[in-house]
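To start, the structure itself, in structure tokens.
Have a look at this one:
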């Protein structure tokens with residue numbers, strides 16, 4: 020499907036070399052690439068632009084869903100642990 024939004028996203032990908040590289044990697048190995056990008060502490064492009072890159076590539080739906088889900092677990096678990104640990108510090112039980 021070539022929609023106007025997809026065409027605009029393709030133009031955006033063509034403008035930035037880092038986006039082109041990410042697009043190629045995501046197209047070849049979707050799950051690992053998406054998971055790696057979700058877990059990366061420093062990103063080469065703004066986080067919102069990744070959704071455009073994923074939309075331009077033909078990444079399988081389950082690779083996309085699996086990478087986003089597994090990559091989202093880290094911040095939630097880390098935040099939960101830090102909150103629990105912080106509460107223990109405040110209570111003096113740590």
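Residue numbers (the working numbering): 20 to 113.
We treat Cβ as the ideally placed atom computed from N, Cα and C, and that holds for glycine.
With respect to residue 48, residue 39 sits apart: the two C-beta atoms are not nearer than 8 Å. Annotated three-state conformation of residue 24 is helix, per DSSP. Counting along the chain, the unbroken alpha helix (DSSP H) around residue 36 starts and ends at 36–47. By the Cβ criterion, the stretch 71–84 is not in contact with the stretch 97–110, since fewer than three pairs of Cβ atoms, one from each stretch, lie closer than 8 Å. Look at residue 86 here: in three-state DSSP terms it is helix.
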